[in-house]
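Read through the structure below, which is laid out as structure tokens, and then see the notes.
In our numbering, the protein residues as written are 27 to 152.
Listed below in structure tokens is the structure:
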């Protein structure tokens with residue numbers, strides 16, 4: 027099976043697991059989770075609209091912030107299951123990183139949560 031056939035198989039089944047390597051951090055998620063925000067860049071990537079890079083081990087490689095991606099997945103899992111998402115405790119720097127990643131992936135709700143968390147932290151300092 028060549029790479030394009032392999033990609034088609036992965037992209038056809040929403041329950042299929044996808045192994046991801048995000049800057050050295052390894053994650054596994056279902057396509058349903060990765061597509062939980064239908065209008066996001068991430069959903070578009072896993073709908074076959076982006077050419078996905080792979081590691082030698084066959085993982086989808088994303089050259090992004092691997093630590094923040096764990097929170098991105100938590101957010102998407104909550105959205106997938108129609109649950110509320112609560113940001114974990116993060117310092118201002120990590121909230122800023124999360125905001126950048128949320129913006130990159132087109133996750134407007136997560137971006138807004140990150141911004142609100144940053145504002146709350148800054149307000150509590152004064």
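Built from N, CA and C at the ideal position, the CB exists for glycine as well.
Here the structure is a predicted model, which means the values were calculated and not measured.
- Ranked by how close their Cα comes to the Cα of residue 41, the residues 52, 115, 59, 138 have 59 in first place.
- According to the DSSP assignment, residue 91 belongs to no alpha helix (DSSP H), since it is labelled neither H nor E.
- According to DSSP, residue 54 shares a beta bridge with 45.
- The beta-carbon separation of residue 90 and residue 49, rounded to 6 Å, stays under the 8 Å limit for a contact.
- Bounds of any alpha helix (DSSP H) do not take in residue 116, whose DSSP letter is neither H nor E.
- In this model, residue 124 and residue 115 are separated by some 12 Å (Cα to Cα).
- Here the alpha carbon of residue 143 sits roughly 28 Å from the alpha carbon of residue 71.
- For residue 150, the secondary structure class from DSSP, reduced to helix, strand or coil, is helix.
- In this chain, the alpha helix (DSSP H) harbouring residue 69 covers 67 to 70.
- Each residue's CA atom was taken as its position, placing residue 43 and residue 146 some 36 Å apart.
- Just so you know, the alpha carbons of residue 87 and residue 52 end up roughly 9 Å apart.
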